[in-house]
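Notes for the one structure printed next.
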Amino acid sequence: MVSKTKQAGKGIPPQPLQFQLIPYGNCVIFVRIHPARFISSEPPTPARVRKAPSSLSPDSMARSTDILDRIHIAGFFLFLLFSPFSISLATIALFIGFPAWALRHILSQSWNEMRFPLAVPFLLFIAASTIAIFTAHAPAVSAVQAKKFGEPLIVFWTLNTLLSTAPQRVIADLASWLRSRNAESRLATRVSKWVSLDTPALCVAVLGLAAAVSGLIGFYQHFVAIDVYGPRARGPFGSVNTYAQMMMLSGLLLASRGLFFKDRSVAVGVALVCIAGGLVWTLSRGAWMGFLIGLGFLLFIRNRRIFFGLVGATVVVVALLPGPMQRSLLNYELDAERNLFLFDQSMQDRVNIWRASVEIFQDHPLTGCGFRCSVEIADQYPHHPILKRFRAAHSNVLQLMVETGAIGLVAWLGIWFFISGMRFRDSAGCGRTPLQDGRGWEEWRRYWRFTLTVWWNPTSLTRKSPC
(Lines of atoms letter the chains of each structure in order from A and count residues from 1; the text may use other names and numbers.)
(Lines give C-alpha, C1' and ligand atoms only; values in the text may rest on other atoms or scores of the structure.)
Protein backbone atom coordinates (compact mmCIF):
# COMPACT_ATOMS: atom_id res chain seq x y z
CA MET A 1 0.00 0.00 0.00
CA VAL A 2 1.15 3.56 -0.78
CA SER A 3 -0.11 6.36 1.51
CA LYS A 4 -0.06 10.18 1.25
CA THR A 5 -1.28 12.64 3.89
CA LYS A 6 -3.84 15.30 2.86
CA GLN A 7 -5.62 17.94 4.96
CA ALA A 8 -9.32 17.18 4.94
CA GLY A 9 -12.24 19.53 5.40
CA LYS A 10 -13.12 21.57 8.47
CA GLY A 11 -13.14 19.69 11.78
CA ILE A 12 -11.71 16.53 10.31
CA PRO A 13 -8.12 15.54 11.11
CA PRO A 14 -5.76 14.78 8.29
CA GLN A 15 -6.42 11.39 6.79
CA PRO A 16 -4.02 9.27 4.75
CA LEU A 17 -4.85 8.72 1.13
CA GLN A 18 -4.65 5.04 0.39
CA PHE A 19 -3.45 3.59 -2.91
CA GLN A 20 -3.39 -0.10 -3.67
CA LEU A 21 -1.01 -1.61 -6.19
CA ILE A 22 -2.79 -4.11 -8.42
CA PRO A 23 -0.67 -6.07 -10.92
CA TYR A 24 -2.21 -6.36 -14.36
CA GLY A 25 -0.14 -8.25 -16.90
CA ASN A 26 3.22 -6.48 -17.15
CA CYS A 27 1.80 -3.26 -15.65
CA VAL A 28 0.85 -2.02 -12.18
CA ILE A 29 -2.36 -0.07 -11.59
CA PHE A 30 -2.72 2.47 -8.76
CA VAL A 31 -6.21 2.47 -7.28
CA ARG A 32 -7.22 5.22 -4.85
CA ILE A 33 -9.39 4.20 -1.89
CA HIS A 34 -11.45 6.94 -0.17
CA PRO A 35 -10.71 7.30 3.56
CA ALA A 36 -14.40 7.07 4.44
CA ARG A 37 -14.39 3.51 3.19
CA PHE A 38 -12.09 2.32 5.96
CA ILE A 39 -12.23 4.97 8.72
CA SER A 40 -15.23 5.17 11.02
CA SER A 41 -15.95 6.98 14.23
CA GLU A 42 -17.43 3.75 15.71
CA PRO A 43 -15.21 1.00 17.14
CA PRO A 44 -14.75 -2.00 14.86
CA THR A 45 -17.20 -4.82 15.41
CA PRO A 46 -15.86 -8.32 15.98
CA ALA A 47 -16.02 -10.76 13.11
CA ARG A 48 -19.14 -12.89 13.06
CA VAL A 49 -19.31 -16.53 12.22
CA ARG A 50 -21.45 -16.98 9.18
CA LYS A 51 -24.22 -19.49 9.79
CA ALA A 52 -25.94 -21.55 7.22
CA PRO A 53 -29.30 -20.03 6.40
CA SER A 54 -32.20 -21.92 7.93
CA SER A 55 -35.65 -21.78 6.45
CA LEU A 56 -37.28 -23.07 9.66
CA SER A 57 -37.67 -21.24 12.94
CA PRO A 58 -36.89 -23.11 16.18
CA ASP A 59 -40.61 -23.66 16.84
CA SER A 60 -41.17 -24.95 13.32
CA MET A 61 -38.12 -27.19 13.61
CA ALA A 62 -39.35 -28.67 16.89
CA ARG A 63 -42.82 -29.20 15.44
CA SER A 64 -41.40 -30.87 12.33
CA THR A 65 -39.13 -33.21 14.31
CA ASP A 66 -42.03 -34.20 16.57
CA ILE A 67 -44.19 -35.08 13.57
CA LEU A 68 -41.36 -37.05 11.96
CA ASP A 69 -40.69 -38.88 15.23
CA ARG A 70 -44.33 -39.96 15.40
CA ILE A 71 -44.29 -41.20 11.81
CA HIS A 72 -40.98 -42.98 12.41
CA ILE A 73 -42.14 -44.75 15.59
CA ALA A 74 -45.51 -45.67 14.06
CA GLY A 75 -43.73 -47.20 11.04
CA PHE A 76 -41.23 -48.99 13.29
CA PHE A 77 -43.85 -50.66 15.47
CA LEU A 78 -45.96 -51.54 12.43
CA PHE A 79 -42.84 -53.13 10.95
CA LEU A 80 -42.47 -55.28 14.08
CA LEU A 81 -46.19 -56.07 14.15
CA PHE A 82 -46.39 -57.16 10.51
CA SER A 83 -43.09 -59.10 10.36
CA PRO A 84 -44.58 -62.43 11.58
CA PHE A 85 -47.53 -62.07 9.18
CA SER A 86 -46.61 -60.59 5.82
CA ILE A 87 -43.39 -59.51 4.15
CA SER A 88 -45.32 -57.09 1.92
CA LEU A 89 -46.99 -55.30 4.85
CA ALA A 90 -43.69 -55.19 6.74
CA THR A 91 -42.04 -53.62 3.67
CA ILE A 92 -44.76 -50.94 3.48
CA ALA A 93 -44.22 -50.14 7.16
CA LEU A 94 -40.48 -49.96 6.51
CA PHE A 95 -40.97 -47.41 3.74
CA ILE A 96 -43.10 -45.34 6.13
CA GLY A 97 -40.74 -45.34 9.10
CA PHE A 98 -37.27 -45.32 7.57
CA PRO A 99 -37.62 -42.17 5.39
CA ALA A 100 -39.16 -40.29 8.33
CA TRP A 101 -36.22 -41.32 10.54
CA ALA A 102 -33.67 -40.27 7.92
CA LEU A 103 -35.39 -36.93 7.20
CA ARG A 104 -35.67 -36.16 10.90
CA HIS A 105 -31.91 -36.50 11.42
CA ILE A 106 -31.18 -34.57 8.23
CA LEU A 107 -33.26 -31.61 9.46
CA SER A 108 -31.83 -31.71 12.99
CA GLN A 109 -28.28 -32.41 11.72
CA SER A 110 -27.84 -35.14 14.34
CA TRP A 111 -26.19 -37.83 12.24
CA ASN A 112 -23.14 -37.69 14.51
CA GLU A 113 -25.30 -39.18 17.28
CA MET A 114 -26.14 -42.25 15.23
CA ARG A 115 -24.28 -45.54 15.59
CA PHE A 116 -23.30 -47.68 12.62
CA PRO A 117 -21.40 -50.67 14.03
CA LEU A 118 -20.24 -53.40 11.65
CA ALA A 119 -20.49 -50.98 8.74
CA VAL A 120 -17.11 -52.13 7.39
CA PRO A 121 -17.93 -55.89 7.43
CA PHE A 122 -21.28 -55.19 5.77
CA LEU A 123 -19.63 -53.06 3.09
CA LEU A 124 -17.03 -55.75 2.46
CA PHE A 125 -19.77 -58.33 1.94
CA ILE A 126 -21.65 -55.96 -0.39
CA ALA A 127 -18.42 -55.45 -2.35
CA ALA A 128 -17.90 -59.23 -2.60
CA SER A 129 -21.51 -59.66 -3.76
CA THR A 130 -21.07 -56.92 -6.36
CA ILE A 131 -18.00 -58.70 -7.73
CA ALA A 132 -20.04 -61.91 -7.88
CA ILE A 133 -22.74 -60.13 -9.89
CA PHE A 134 -20.28 -58.71 -12.42
CA THR A 135 -18.54 -62.06 -12.86
CA ALA A 136 -21.76 -64.12 -12.80
CA HIS A 137 -22.76 -66.67 -15.38
CA ALA A 138 -25.97 -64.69 -15.97
CA PRO A 139 -25.37 -61.10 -14.73
CA ALA A 140 -28.92 -59.98 -15.57
CA VAL A 141 -30.41 -62.67 -13.32
CA SER A 142 -27.93 -62.00 -10.51
CA ALA A 143 -28.38 -58.22 -10.63
CA VAL A 144 -31.99 -58.57 -9.45
CA GLN A 145 -30.68 -59.63 -6.03
CA ALA A 146 -28.80 -56.33 -5.65
CA LYS A 147 -32.01 -54.90 -4.15
CA LYS A 148 -31.10 -56.76 -0.95
CA PHE A 149 -27.99 -54.64 -0.46
CA GLY A 150 -30.16 -52.18 1.47
CA GLU A 151 -30.96 -54.71 4.18
CA PRO A 152 -28.06 -53.57 6.44
CA LEU A 153 -29.81 -50.19 6.61
CA ILE A 154 -32.72 -51.96 8.34
CA VAL A 155 -30.25 -53.27 10.92
CA PHE A 156 -28.85 -49.78 11.58
CA TRP A 157 -32.35 -48.27 11.66
CA THR A 158 -33.52 -50.84 14.20
CA LEU A 159 -30.39 -50.47 16.33
CA ASN A 160 -30.56 -46.68 16.53
CA THR A 161 -34.28 -46.81 17.30
CA LEU A 162 -33.64 -49.24 20.15
CA LEU A 163 -30.94 -46.94 21.55
CA SER A 164 -33.10 -43.80 21.36
CA THR A 165 -35.79 -42.41 23.67
CA ALA A 166 -38.10 -41.49 20.80
CA PRO A 167 -40.58 -44.34 21.51
CA GLN A 168 -41.02 -43.18 25.11
CA ARG A 169 -41.56 -39.57 24.00
CA VAL A 170 -44.14 -40.54 21.40
CA ILE A 171 -46.00 -42.84 23.81
CA ALA A 172 -45.97 -40.12 26.48
CA ASP A 173 -47.47 -37.66 23.98
CA LEU A 174 -50.11 -40.25 23.06
CA ALA A 175 -51.00 -40.80 26.73
CA SER A 176 -51.28 -37.03 27.31
CA TRP A 177 -53.55 -36.67 24.28
CA LEU A 178 -55.79 -39.51 25.46
CA ARG A 179 -55.92 -38.05 28.97
CA SER A 180 -56.87 -34.63 27.61
CA ARG A 181 -59.85 -36.16 25.84
CA ASN A 182 -60.93 -38.29 28.78
CA ALA A 183 -59.12 -37.97 32.09
CA GLU A 184 -60.58 -41.25 33.40
CA SER A 185 -59.79 -43.29 30.31
CA ARG A 186 -58.44 -46.75 31.10
CA LEU A 187 -56.63 -46.77 27.79
CA ALA A 188 -54.75 -43.60 28.74
CA THR A 189 -53.76 -45.14 32.08
CA ARG A 190 -52.54 -48.31 30.38
CA VAL A 191 -50.61 -46.42 27.72
CA SER A 192 -48.95 -44.24 30.36
CA LYS A 193 -47.58 -47.41 32.00
CA TRP A 194 -45.79 -48.28 28.77
CA VAL A 195 -43.65 -45.15 29.12
CA SER A 196 -41.77 -46.74 32.03
CA LEU A 197 -40.63 -49.63 29.81
CA ASP A 198 -37.38 -49.35 27.90
CA THR A 199 -37.42 -49.50 24.11
CA PRO A 200 -36.15 -53.13 23.80
CA ALA A 201 -38.89 -54.31 26.18
CA LEU A 202 -41.55 -52.52 24.12
CA CYS A 203 -40.22 -54.04 20.90
CA VAL A 204 -40.08 -57.56 22.35
CA ALA A 205 -43.66 -57.15 23.63
CA VAL A 206 -44.97 -56.07 20.22
CA LEU A 207 -43.04 -58.72 18.28
CA GLY A 208 -43.85 -61.43 20.82
CA LEU A 209 -47.58 -60.68 20.68
CA ALA A 210 -47.60 -60.75 16.87
CA ALA A 211 -45.53 -63.96 16.74
CA ALA A 212 -47.83 -65.65 19.29
CA VAL A 213 -50.89 -64.88 17.14
CA SER A 214 -49.00 -66.17 14.09
CA GLY A 215 -48.20 -69.36 16.02
CA LEU A 216 -51.90 -69.87 16.76
CA ILE A 217 -52.55 -69.65 13.02
CA GLY A 218 -50.16 -72.60 12.61
CA PHE A 219 -52.18 -74.55 15.18
CA TYR A 220 -55.37 -73.81 13.24
CA GLN A 221 -53.90 -74.88 9.91
CA HIS A 222 -52.65 -78.20 11.30
CA PHE A 223 -55.63 -79.25 13.42
CA VAL A 224 -58.64 -77.59 11.75
CA ALA A 225 -57.76 -76.84 8.13
CA ILE A 226 -55.46 -79.78 7.46
CA ASP A 227 -57.50 -80.72 4.37
CA VAL A 228 -56.69 -77.32 2.85
CA TYR A 229 -53.12 -76.71 3.98
CA GLY A 230 -51.85 -80.25 4.44
CA PRO A 231 -50.06 -81.55 7.54
CA ARG A 232 -47.38 -78.82 7.51
CA ALA A 233 -48.37 -75.43 8.93
CA ARG A 234 -47.53 -72.59 6.55
CA GLY A 235 -48.70 -69.66 8.65
CA PRO A 236 -49.77 -66.35 7.11
CA PHE A 237 -46.82 -66.43 4.70
CA GLY A 238 -48.01 -69.45 2.72
CA SER A 239 -44.43 -70.77 2.84
CA VAL A 240 -43.29 -73.42 5.29
CA ASN A 241 -39.64 -72.32 5.36
CA THR A 242 -40.35 -68.61 5.86
CA TYR A 243 -42.90 -69.31 8.58
CA ALA A 244 -40.61 -71.76 10.38
CA GLN A 245 -37.67 -69.34 10.33
CA MET A 246 -39.80 -66.49 11.68
CA MET A 247 -41.13 -68.67 14.51
CA MET A 248 -37.60 -69.87 15.31
CA LEU A 249 -36.13 -66.36 15.56
CA SER A 250 -39.11 -64.90 17.45
CA GLY A 251 -39.05 -67.79 19.90
CA LEU A 252 -35.33 -67.35 20.61
CA LEU A 253 -35.78 -63.60 21.13
CA LEU A 254 -38.61 -64.16 23.59
CA ALA A 255 -36.71 -66.95 25.37
CA SER A 256 -33.63 -64.75 25.82
CA ARG A 257 -35.80 -61.99 27.27
CA GLY A 258 -37.40 -64.41 29.72
CA LEU A 259 -34.10 -66.00 30.77
CA PHE A 260 -31.88 -62.96 31.26
CA PHE A 261 -34.25 -60.19 32.37
CA LYS A 262 -36.20 -59.79 35.58
CA ASP A 263 -39.44 -58.69 33.94
CA ARG A 264 -40.64 -62.28 33.51
CA SER A 265 -44.38 -62.79 33.36
CA VAL A 266 -46.95 -65.43 32.53
CA ALA A 267 -47.58 -63.66 29.22
CA VAL A 268 -44.01 -64.37 28.10
CA GLY A 269 -44.45 -68.08 28.82
CA VAL A 270 -47.83 -68.26 27.07
CA ALA A 271 -46.46 -66.46 24.00
CA LEU A 272 -43.44 -68.78 23.92
CA VAL A 273 -45.72 -71.85 24.02
CA CYS A 274 -47.79 -70.49 21.10
CA ILE A 275 -44.65 -69.76 19.07
CA ALA A 276 -43.09 -73.15 19.82
CA GLY A 277 -46.36 -74.87 18.90
CA GLY A 278 -46.51 -73.12 15.55
CA LEU A 279 -42.86 -74.05 14.98
CA VAL A 280 -43.46 -77.73 15.79
CA TRP A 281 -46.30 -78.10 13.29
CA THR A 282 -44.22 -76.74 10.43
CA LEU A 283 -42.49 -80.14 10.55
CA SER A 284 -39.28 -78.31 9.60
CA ARG A 285 -36.40 -80.18 11.17
CA GLY A 286 -33.87 -77.49 10.34
CA ALA A 287 -35.89 -74.86 12.21
CA TRP A 288 -36.37 -77.24 15.13
CA MET A 289 -32.64 -77.84 15.31
CA GLY A 290 -31.87 -74.11 15.10
CA PHE A 291 -34.32 -73.32 17.90
CA LEU A 292 -33.02 -76.11 20.15
CA ILE A 293 -29.36 -75.20 19.56
CA GLY A 294 -30.06 -71.52 20.25
CA LEU A 295 -32.09 -72.34 23.36
CA GLY A 296 -29.36 -74.71 24.51
CA PHE A 297 -26.73 -71.99 24.07
CA LEU A 298 -28.83 -69.59 26.18
CA LEU A 299 -29.39 -72.21 28.87
CA PHE A 300 -25.70 -73.18 28.87
CA ILE A 301 -24.81 -69.61 29.79
CA ARG A 302 -27.72 -69.14 32.19
CA ASN A 303 -27.81 -72.50 33.98
CA ARG A 304 -25.70 -75.49 32.98
CA ARG A 305 -27.83 -77.95 34.97
CA ILE A 306 -30.95 -77.04 33.03
CA PHE A 307 -28.96 -77.31 29.81
CA PHE A 308 -27.76 -80.86 30.49
CA GLY A 309 -31.25 -81.79 31.69
CA LEU A 310 -32.70 -80.53 28.39
CA VAL A 311 -30.13 -82.49 26.38
CA GLY A 312 -30.88 -85.66 28.31
CA ALA A 313 -34.64 -85.19 27.96
CA THR A 314 -34.28 -84.68 24.20
CA VAL A 315 -32.25 -87.87 23.81
CA VAL A 316 -34.77 -89.85 25.88
CA VAL A 317 -37.76 -88.51 23.93
CA VAL A 318 -36.16 -89.34 20.58
CA ALA A 319 -35.19 -92.82 21.79
CA LEU A 320 -38.74 -93.54 23.01
CA LEU A 321 -40.44 -92.44 19.80
CA PRO A 322 -42.10 -95.18 17.73
CA GLY A 323 -40.01 -96.56 14.90
CA PRO A 324 -41.75 -94.78 11.99
CA MET A 325 -41.68 -91.40 13.76
CA GLN A 326 -38.05 -91.86 14.73
CA ARG A 327 -37.01 -92.75 11.20
CA SER A 328 -38.94 -89.77 9.82
CA LEU A 329 -37.32 -87.43 12.33
CA LEU A 330 -33.76 -88.67 11.76
CA ASN A 331 -34.09 -89.06 7.98
CA TYR A 332 -33.27 -92.73 7.67
CA GLU A 333 -34.92 -95.91 6.44
CA LEU A 334 -34.37 -99.48 7.52
CA ASP A 335 -33.41 -101.95 4.81
CA ALA A 336 -34.51 -105.22 6.42
CA GLU A 337 -33.01 -107.42 3.71
CA ARG A 338 -29.48 -106.04 4.03
CA ASN A 339 -29.92 -104.96 7.66
CA LEU A 340 -28.77 -101.42 6.84
CA PHE A 341 -29.88 -97.95 7.78
CA LEU A 342 -30.20 -95.78 4.66
CA PHE A 343 -31.08 -92.14 4.09
CA ASP A 344 -34.69 -91.56 3.14
CA GLN A 345 -35.54 -89.77 -0.11
CA SER A 346 -35.69 -86.33 1.51
CA MET A 347 -32.23 -86.66 3.03
CA GLN A 348 -30.84 -88.25 -0.13
CA ASP A 349 -32.02 -85.23 -2.13
CA ARG A 350 -30.15 -82.95 0.24
CA VAL A 351 -26.97 -85.00 -0.05
CA ASN A 352 -27.22 -84.87 -3.84
CA ILE A 353 -27.71 -81.10 -3.93
CA TRP A 354 -24.78 -80.66 -1.55
CA ARG A 355 -22.53 -82.71 -3.83
CA ALA A 356 -23.63 -80.67 -6.84
CA SER A 357 -22.98 -77.43 -4.94
CA VAL A 358 -19.46 -78.52 -4.03
CA GLU A 359 -18.74 -79.33 -7.67
CA ILE A 360 -20.02 -75.91 -8.81
CA PHE A 361 -17.81 -74.25 -6.21
CA GLN A 362 -14.79 -76.16 -7.47
CA ASP A 363 -15.45 -74.76 -10.95
CA HIS A 364 -15.98 -71.18 -9.65
CA PRO A 365 -13.87 -71.04 -6.48
CA LEU A 366 -13.00 -67.37 -6.17
CA THR A 367 -16.05 -65.24 -6.99
CA GLY A 368 -18.75 -67.88 -7.49
CA CYS A 369 -21.17 -68.11 -10.38
CA GLY A 370 -23.57 -65.36 -9.24
CA PHE A 371 -26.92 -65.27 -7.49
CA ARG A 372 -29.56 -67.79 -8.57
CA CYS A 373 -27.04 -69.36 -10.93
CA SER A 374 -27.65 -73.03 -10.11
CA VAL A 375 -30.74 -73.16 -12.33
CA GLU A 376 -28.99 -71.25 -15.14
CA ILE A 377 -26.02 -73.62 -15.30
CA ALA A 378 -27.91 -76.84 -14.59
CA ASP A 379 -27.43 -77.95 -18.22
CA GLN A 380 -23.65 -77.92 -17.70
CA TYR A 381 -24.03 -80.61 -15.03
CA PRO A 382 -26.24 -83.30 -16.60
CA HIS A 383 -25.03 -85.84 -14.04
CA HIS A 384 -26.73 -83.72 -11.33
CA PRO A 385 -30.40 -83.55 -12.38
CA ILE A 386 -31.23 -82.39 -8.87
CA LEU A 387 -30.13 -78.86 -9.87
CA LYS A 388 -33.24 -78.47 -12.03
CA ARG A 389 -35.50 -79.35 -9.12
CA PHE A 390 -33.93 -77.28 -6.33
CA ARG A 391 -32.89 -73.63 -6.59
CA ALA A 392 -31.28 -73.58 -3.13
CA ALA A 393 -28.50 -75.68 -1.67
CA HIS A 394 -30.30 -76.24 1.68
CA SER A 395 -27.20 -74.86 3.40
CA ASN A 396 -26.26 -71.22 3.93
CA VAL A 397 -22.54 -71.94 3.71
CA LEU A 398 -22.80 -73.95 0.49
CA GLN A 399 -25.18 -71.40 -1.00
CA LEU A 400 -22.66 -68.61 -0.38
CA MET A 401 -19.83 -70.74 -1.73
CA VAL A 402 -21.74 -71.35 -4.95
CA GLU A 403 -23.04 -67.80 -5.48
CA THR A 404 -20.24 -65.57 -4.12
CA GLY A 405 -17.24 -67.88 -3.93
CA ALA A 406 -14.55 -67.87 -1.29
CA ILE A 407 -14.45 -64.05 -1.16
CA GLY A 408 -18.13 -63.77 -0.29
CA LEU A 409 -17.97 -66.62 2.21
CA VAL A 410 -15.07 -65.03 4.10
CA ALA A 411 -16.83 -61.65 4.13
CA TRP A 412 -20.06 -63.23 5.41
CA LEU A 413 -18.26 -65.14 8.15
CA GLY A 414 -16.47 -61.92 9.06
CA ILE A 415 -19.81 -60.24 9.85
CA TRP A 416 -20.71 -62.95 12.36
CA PHE A 417 -17.21 -63.08 13.78
CA PHE A 418 -17.16 -59.34 14.40
CA ILE A 419 -20.67 -59.18 15.85
CA SER A 420 -19.95 -62.10 18.18
CA GLY A 421 -16.72 -60.55 19.38
CA MET A 422 -18.40 -57.17 19.87
CA ARG A 423 -21.28 -58.66 21.88
CA PHE A 424 -19.01 -60.82 24.03
CA ARG A 425 -16.73 -57.88 24.68
CA ASP A 426 -19.62 -55.64 25.71
CA SER A 427 -20.99 -58.37 27.97
CA ALA A 428 -17.58 -58.68 29.63
CA GLY A 429 -17.73 -55.02 30.61
CA CYS A 430 -15.30 -53.46 28.14
CA GLY A 431 -16.55 -50.09 27.05
CA ARG A 432 -14.09 -49.39 24.24
CA THR A 433 -12.56 -51.25 21.36
CA PRO A 434 -8.80 -51.86 21.01
CA LEU A 435 -8.54 -49.31 18.19
CA GLN A 436 -10.11 -46.63 20.40
CA ASP A 437 -7.69 -47.50 23.20
CA GLY A 438 -4.82 -47.24 20.72
CA ARG A 439 -2.91 -50.22 22.08
CA GLY A 440 -2.15 -51.77 18.74
CA TRP A 441 -1.79 -55.34 17.60
CA GLU A 442 -1.18 -56.77 21.08
CA GLU A 443 -4.64 -55.67 22.15
CA TRP A 444 -6.14 -57.10 18.97
CA ARG A 445 -4.50 -60.44 19.75
CA ARG A 446 -5.93 -60.47 23.28
CA TYR A 447 -9.33 -59.44 21.95
CA TRP A 448 -9.65 -62.23 19.39
CA ARG A 449 -8.17 -64.78 21.78
CA PHE A 450 -10.94 -63.86 24.22
CA THR A 451 -13.57 -64.14 21.48
CA LEU A 452 -12.40 -67.61 20.45
CA THR A 453 -12.26 -68.68 24.10
CA VAL A 454 -15.87 -67.68 24.62
CA TRP A 455 -16.88 -69.47 21.42
CA TRP A 456 -15.25 -72.62 22.78
CA ASN A 457 -16.47 -72.22 26.39
CA PRO A 458 -19.30 -69.68 26.83
CA THR A 459 -19.20 -70.01 30.64
CA SER A 460 -15.87 -68.17 30.65
CA LEU A 461 -17.85 -65.06 29.78
CA THR A 462 -18.67 -64.53 33.46
CA ARG A 463 -15.15 -64.89 34.81
CA LYS A 464 -12.75 -63.69 32.14
CA SER A 465 -12.40 -60.34 30.43
CA PRO A 466 -9.95 -59.06 27.83
CA CYS A 467 -9.89 -55.56 29.35
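For the record, in the sequence shown the residue sitting at position 350 is 350 according to the UniProt record's numbering, with numbers rising by one throughout. C-beta: ideal position from N, C-alpha, C; glycine also. Only a predicted model underlies this, so the values are computations on that prediction, with no experimental measurement involved.
Run of the alpha helix (DSSP H) containing residue i, from where it starts to where it stops
i, result
"Y381", "Note, Y381: premise wrong, no alpha helix (DSSP H); not H, not E."
"V351", "345-363"
"D198", "Segment: none, D198 is in no alpha helix (DSSP H) and carries neither H nor E."
"A287", "285-302"
"Q109", "Neither: Q109 is in no alpha helix (DSSP H) and is coded neither H nor E."
"G258", "240-260"
"C274", "266-280"
"R181", "166-181"
"M61", "58-82"
"E151", "151-162"
"L124", "119-134"
"S142", "139-143"
Whole-Å CB distance - residue i paired with residue j, under 8 Å assumed
i, j, result
"L295", "W288", "With 8 Å as the limit, L295 and W288 do not qualify as a contact, their Cβ atoms being about 11 Å apart."
"Q145", "F371", "4 Å"
"L259", "L298", "6 Å"
"F125", "I415", "6 Å"
"D349", "I386", "6 Å"
"L163", "R115", "7 Å"
"S284", "N352", "In fact, because the Cβ distance is near 20 Å, the residues do not count as touching under 8 Å."
"L81", "V206", "6 Å"
"L366", "G312", "Incorrect: roughly 46 Å between the Cβ atoms, too far for contact."
"A393", "S357", "4 Å"
"M247", "G215", "6 Å"
Minimum C-alpha distance to residue i - residue among the options
i, options, result
"F361", "I407, M247, A319", "I407"
"F79", "E113, I154, S60", "I154"
"F156", "C369, S64, L94, M401", "L94"
"G150", "A127, A233, Q168", "A127"
"V315", "S192, L162, L292", "L292"
"V397", "W412, L216, S346", "W412"
"H222", "W281, A276, V266", "W281"
"P200", "T404, H105, S256", "S256"
"L249", "Y220, A210, F219", "A210"
"V270", "G251, L310, F237", "G251"
"T161", "A74, P236, R389", "A74"
"F77", "G208, S265, L107", "G208"
"A166", "H137, D59, W101", "W101"
"Y220", "S192, V204, F261, I275", "I275"
"R302", "F261, G230, L197, C369", "F261"
Query raised in the report: Can you find at least 3 beta carbon pairs, one from the segment 111-128 and one from the segment 81-89, that sit closer than 8 Å?
Result: no
Report task. Decide if the segment 59-70 is in contact with the segment 165-174; the criterion is three or more beta carbon pairs, one per stretch, under 8 Å apart. Result -> yes
Report task. Please confirm if the segment 125-136 is in contact with the segment 74-85, defined as three or more CB-CB distances below 8 Å between the two stretches. Result -> no
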